[in-house]
Every structure is written in C-alpha cells, then in structure tokens.
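So the protein sequences, as listed, match chains A and B. Following full-length UniProt numbering, the numbering of the first sequence begins with 1 at its first residue and continues without gaps. Following full-length UniProt numbering, the numbering of the second sequence begins with 1 at its first residue and continues without gaps.
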Amino acid sequence: MTATVSGKASKYDQLIEPTRVHGSLYTDDEIFREELEKIWYRTWVFVGHESEVPEPNDYVRTAIGPQDLVLSRDREGVLHVLVNRCAHRGNLVCDDQRGNSSSFRCPYHGWTYKNNGDLLGYPFNRGYGGKGNIEGELGLGVLPRVDSYQGFVFASFASEGPSLVEHLGAAARELDRLAGLSPEGKAELTAGWLKHQTGANWKLLVENETDGYHPQFVHGAIFGVTGSPIGALYSDKSTAVTRDLGGGHSENDLRPEFRKFGEPMRWFGTTEERVFEYASRMREAYGDEDAERVMIEGAPHVMIFPNLFIAEIQVFAIQPLSAHECVQRSTAVQLRGAGDINKRLVSQCMGSVGPAGMLLADDTEMYERNQYGVGMRKPEWLDIRRGVDRERVDENGFKIGTATDETGMRGFWGHYKSLMEAE
Amino acid sequence: MAPYRPPSDQSREIGIVESEFASVRISINDDGNGPRLRLEDLRGDKVRYLDALELETLVWLRDEHLSALLDPSADRWRE
Ligand code: FES
Ligand SMILES: [Fe+2]
Numbered sequence: 001m002t003a004t005v006s007g008k009a010s011k012y013d014q015l016i017e018p019t020r021v022h023g024s025l026y027t028d029d030e031i032f033r034e035e036l037e038k039i040w041y042r043t044w045v046f047v048g049h050e051s052e053v054p055e056p057n058d059y060v061r062t063a064i065g066p067q068d069l070v071l072s073r074d075r076e077g078v079l080h081v082l083v084n085r086c087a088h089r090g091n092l093v094c095d096d097q098r099g100n101s102s103s104f105r106c107p108y109h110g111w112t113y114k115n116n117g118d119l120l121g122y123p124f125n126r127g128y129g130g131k132g133n134i135e136g137e138l139g140l141g142v143l144p145r146v147d148s149y150q151g152f153v154f155a156s157f158a159s160e161g162p163s164l165v166e167h168l169g170a171a172a173r174e175l176d177r178l179a180g181l182s183p184e185g186k187a188e189l190t191a192g193w194l195k196h197q198t199g200a201n202w203k204l205l206v207e208n209e210t211d212g213y214h215p216q217f218v219h220g221a222i223f224g225v226t227g228s229p230i231g232a233l234y235s236d237k238s239t240a241v242t243r244d245l246g247g248g249h250s251e252n253d254l255r256p257e258f259r260k261f262g263e264p265m266r267w268f269g270t271t272e273e274r275v276f277e278y279a280s281r282m283r284e285a286y287g288d289e290d291a292e293r294v295m296i297e298g299a300p301h302v303m304i305f306p307n308l309f310i311a312e313i314q315v316f317a318i319q320p321l322s323a324h325e326c327v328q329r330s331t332a333v334q335l336r337g338a339g340d341i342n343k344r345l346v347s348q349c350m351g352s353v354g355p356a357g358m359l360l361a362d363d364t365e366m367y368e369r370n371q372y373g374v375g376m377r378k379p380e381w382l383d384i385r386r387g388v389d390r391e392r393v394d395e396n397g398f399k400i401g402t403a404t405d406e407t408g409m410r411g412f413w414g415h416y417k418s419l420m421e422a423e
Numbered sequence: 001m002a003p004y005r006p007p008s009d010q011s012r013e014i015g016i017v018e019s020e021f022a023s024v025r026i027s028i029n030d031d032g033n034g035p036r037l038r039l040e041d042l043r044g045d046k047v048r049y050l051d052a053l054e055l056e057t058l059v060w061l062r063d064e065h066l067s068a069l070l071d072p073s074a075d076r077w078r079e
C-alpha cells in the first residue's frame, strides 16, 4: 500500500475519495481482516430464506464470510443461526447441506446439541462429573440477532446495532416489490443454490451488481442470442435510473423504461398470454389495475449491502473468503401460488447463472480480470466518476444517475467508509 | 417469523400398526429438508414426527425407560 496516514485524515480517507478508490482496497489482507470485523461480523448479513426451512427441525448450511453456519428452525418454529463448530474440540458438527433433525450430534465424540444450539448431552458423562454439569456452559455458537423481512433471513454477530428494518432502510421496499409479484404476496427461495467460486475480491461483485455501464459489452452475446430487450435498458437513451438508496444499498430502477412500453411481462421477456395461469392469478388476487401495474413494472434489481443481490428473477448471496476470493451462491426466485411461471423462472435462471449460464460466466471473467489488474502497480486508483456531474436528487431525496452511471458505486463506498472508520 | 407451511402433505404410507389397545398409522414424510417418520394416533387424532436421531435413540432405549413412558400418567393423562 502506498498511501500513508497523515494528519487527522483516517487511513480510509486516504484510500476512498468521492470519485476514485485505491486499488489496495481489493488486495490488502489487513484491510480484509478489518472488513470482517467491521462489516461482516457487525452488520446484518443475509443468510437464507424462511422457505428454505419450512418445517420444524429443518436446517440448511449457510455462511457469513469464512464462518460456517447452520440456519435452523426449532420445534416451536423459531429460527436460529448457529456456528457449525463443536464446543468440545472444534469439530464440524453438520456435514449435509440440508436436513431435518431436532438435534445435531458431533461425529468426533458424540456431543449432541439441540437445534437451538444448547448442549443436550455427551457420552460417558462421568468424565464431566455426571449429567447436567457443563450443559449450561458449553453450547454451539449462536448468532445473537436473527430477523427476517419478507421471508429473507438476516443475522448479525453483533448483539447491538440498528434493527434489521433500520439496516434495510429504503431497500425494504424492493423486497416488498419482489413479494408483490406473487399472487399470494410471498417470494420463496426453494429452487436450491448453486455455488460458484470466484477469484476476486467481494467488492468487485457488489460494485458490478448495479453497474449499468457494462451489460452491452459483457453480455452482448447472450442478449444477441436470446433477442432479449434488456440491453437497451442500459444505454444513453434509456429512461431507467441508478439510485443510491443509502446504507450502501443501490438499485437500477428499470420501471420508467417498462412503463413507457406499458406491456405486462415485458420485463420477463414474455407476454401475458404465454404465462396465462400466472397472469390470471395475479389479476384475481390484486384486481386488474394493480395486477397490470405490477406485471408491467416487474421485479427489482437491487443490491442490499453487503451481500444480497436481487437481479429480477434470481437471487445472489456473496460470501467473501479472503481479499482475493469469494463464493457466489445463486438461486431462482419462486413466486408462491404462481403456477406456470415458476418453472420458467428456474430455466431462465439456469440459462443465465446455471453451470453453463452465460451471464455468470461473462461477469466472472470480468471480476477475475479486474482482480488481476488491481494487483498491478500503476495507475493506483480505480475511477468511479461516471455521471457525477449529472447526478440529481429524486422526489424522495435519493441520489439518482442515468442507467449507465456509477451512482450506486459511490453510494456503496460512502457507506463502506463510514463503517470502516467506526471504532 | 411464522413457519412457512408447504401446501401438500408429502407422506409415503407404510401401514397401520394396531392392537386392541391402540392404532397408529406410520408413514415417511418428505415435507421437510429430510425424511421423518410420521406417526398418527388414529384414535386420538394426534401426529408426531420423529427424525433419524430420535428413532435411533428409541432403538437403544432401555426397556425400563420405555415402560416408564407407558405409565398413563407420564405425559398424556398427567394432572
Ligand atoms: S469435537 Fe465434537 S464431540 Fe469432541
Ligand atoms: Fe453483468
């Protein structure tokens, strides 16, 4: 790192300026360790969806950064996020990605825990002075705060801090929008996750999620092959906007463009007739006028700080492993009570981010080339000034730029800096 | 955080274990993230699910533990 701390300016003052950020932010292992403490182990992080653990005693494996976690639902229906580490000698307690069990038994010495993390018992208990001697003292690590919004479950390693609703701020409305696409008002994540390891810093992914400048270049091939109208949304002519939602969250609001056409389901690249069952359930549930508006405006394209990205029909969760590596999990959105559209949501998602999906492969290539580049010595900075002079404030007080501007990135870095400077 | 209830009850019925004293329908249920044994008391209209670890525990339960559970005042008809 070449920047030095001088005077009262913080280390991050030296590295993050309004329109450029220093390359070392993506490569420095010390900064990564600080990010874990100040971001990943302090704020709310998305860990899963309630629909992934529908029944009492269901559980799924999840993660926050390098921490291996289990999201469980106990017998009473309460959700817990447990650290997957035995209190005895640290062994991994859960191996399967998902299952149904009221308790977990460590394979090493058989210590057994309830699915709320409490130690239930241990073999040959005389060695501990009998039954009931250490149960209260040793249990699985439990994340002190777990909460959900529209079924999206978030957890925090910190026992104090803003509430989930405060953390989500304006981004909560985008989760409402997603749920509103279901005739029953519920989006679910039941299609299964695909894991994709990427040799890049997690922030490159976050920045890319609402970067409307790259799609025409990076995704030109898939837009061409599929005849998708998406490319045109990200151009100089587009009426779509990039919005800094505050709190590090940002979105590409594509609604102005879809309203212009006024065609239901255009956002999904189809017509109402081709998803007839879905459309009629929507009209039944919400009435013609509201249903039509929702079907015209489509799904949100929102990056929720620090790791949840909703790209219309698919959801991504970013898990950093080191300064140079992260895992992206992705899954198709499923709309409860939607009938015929759910299968299409899965196949479109597979086509874009499945094992042979074109969008994910395109983007990953870019992340990894970027990571390679930021390791080089000159120039030291990455530029994020695009659109700064034409940025405006919308009627709700949010900063907005045009479809291709870097407004979202600047919002991300402002929030990042405030967290990293906090004690 | 109310549980999400799947719409259908996915159970593979095995059969009914019955005597003059009790009648229980046994099936394997697939509604959750892993299979569970579903036991339905056909006379008392109550359902219980048992996961694999609980079943294994039953297999190893000592006879006197089991008899203690059969005491009518143990759970069902306690004051
Ligand atoms: S490490 Fe888990 S029981 Fe010993
Ligand atoms: Fe992309």
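Quick reminder that beta carbons are idealized off the backbone N, C-alpha and C, glycines included.
Under 9 Å from the C-beta of Glu54 (chain B): neighbouring residues of chain A
Ser101, Ser102, Ser103
First and last residue of the uninterrupted alpha helix (DSSP H) at Phe412 (chain A):
407-421
Can Gly139 (chain A) be considered in contact with ligand 1, in the sense that its beta carbon sits closer than 8 Å to one or more heavy atoms?
no
Just checking, does the segment 75-86 of chain A make contact with the segment 135-142 of chain A on the three C-beta pairs under 8 Å criterion?
yes
Quick check: does the Cβ of Val93 (chain A) come within less than 8 Å of any heavy atom belonging to ligand 1?
yes
In the structure shown, what three-state DSSP assignment does Val5 (chain A) receive?
Here Val5 (chain A) scores only 48 on pLDDT, less than 50, and its place in the model should not be relied on; the value that follows carries that caveat. Val5 (chain A): coil per DSSP, three-state reduction.
Taking only the alpha-carbon atoms, compute the straight-line gap between residue 443 (chain A) and Gly298 (chain A) and give it to the nearest angstrom.
Nothing about residue 443 (chain A) can be read from this structure; chain A reaches only from 1 to 423.
Helix, strand or coil, according to DSSP, for Asp290 (chain A) in the structure here?
helix
Cβ pair Gly65 (chain A), Leu321 (chain A) closer than 9 Å:
yes
Please list the partners that Asp58 (chain A) has in chain B, where partner means a Cβ-to-Cβ separation under 7 Å.
Gly32, Asn33
Figure out for me which residue from A:Val393, A:Phe223, A:Gly262 has the closest Cα to the Cα of Gly351 (chain A).
A:Phe223
Hey, does Asp95 (chain A) have any beta-carbon neighbour from chain B nearer than 9 Å?
no
First and last residue of the beta strand (DSSP E) that includes Tyr122 (chain A)?
That residue, Tyr122 (chain A), is in no beta strand (DSSP E); it is neither H nor E in DSSP.
With a floor of 4 residues, list each alpha helix (DSSP H) that falls wholly inside the segment 245-270 of chain A, ordered by position along the chain.
255-261
Return the chain-ordered list of same chain residues with a C-beta closer than 8 Å to the C-beta of Gly169 (chain A), the five sequence neighbours on each side being excluded.
Leu245, Gly246, Gly247, His249
Could you pull out every unbroken beta strand (DSSP E) segment of at least 3 residues lying fully inside the segment 306-374 of chain A, listed in chain order?
308-311, 314-322, 325-332
Just reading off the alpha helix (DSSP H) that Val59 (chain B) is part of, what are its end residues?
52-60
Euclidean distance between Cα positions of Thr284 (chain A) and Phe268 (chain A)
Per the sequence shown, the amino acid found at residue 284 (chain A) is Glu instead of Thr. Spanning the two alpha carbons is a distance of roughly 20 Å.
Measuring straight from C-alpha to C-alpha, what distance separates Met376 (chain A) and Trp202 (chain A)?
18 Å
Verify the CB distance criterion: does Pro379 (chain A) have a CB-CB separation below 9 Å to chain D?
Note that chain D does not occur in the displayed structure, where the protein chains are A and B.
Going by the C-beta, is Gly77 (chain A) closer than 8 Å to any heavy atom of ligand 1?
no
Taking 9 Å as the CB-CB cut-off, is Arg36 (chain B) touching chain A?
yes
Rounded to whole angstroms, what is the Cα-Cα separation between Ser11 (chain B) and Glu56 (chain B)?
20 Å
The segment 42-53 of chain B: positions lying closer than 8 Å to chain A by Cβ:
Tyr49, Asp51, Ala52, Leu53
Hey, does Val53 (chain A) have any beta-carbon neighbour from chain B nearer than 9 Å?
yes
On the premise that Asn125 (chain A) lies in contact with Glu55 (chain A), defined as a C-beta separation below 8 Å, what is that separation, rounded to the nearest angstrom?
Wrong, their Cβ atoms sit about 31 Å apart, outside the cutoff.
Should Leu359 (chain A) be counted as a contact of ligand 2 given a C-beta to heavy atom distance under 8 Å?
yes
Three-state secondary structure (DSSP) of Gly15 (chain B)
strand
For residue 426 (chain A), return the contacting residues in chain B, with the cut-off set at a CB-CB distance below 8 Å.
With chain A represented from 1 up to 423, any question about residue 426 (chain A) goes unanswered, as that position is not in the structure.
Within 10 angstroms of the Cβ of Ser19 (chain B), are there 16 or more other Cβ atoms? Answer buried if so, exposed if not.
exposed
Could you spell out the range, first to last residue, of the alpha helix (DSSP H) harbouring Thr19 (chain A)?
Note, Thr19 (chain A): premise wrong, no alpha helix (DSSP H); not H, not E.
What three-state label does DSSP hand Phe152 (chain A) in the structure shown?
strand
In angstroms with no decimal places, state the Cα-to-Cα distance between Thr4 (chain A) and Phe32 (chain A).
Because Thr4 (chain A) carries a pLDDT of 49, less than 50, the predicted location of this residue cannot be relied on, and no value is offered for it.
Identify whether Asp41 (chain B) lies in helix, strand or coil by the three-state DSSP scheme.
strand
Kindly indicate the opening and closing residues of the beta strand (DSSP E) around Asp63 (chain B).
It is not in any beta strand (DSSP E) - Asp63 (chain B) instead sits in the alpha helix (DSSP H) that spans 63-70.
In DSSP terms, what Val83 (chain A) is bridged to
A:Leu69
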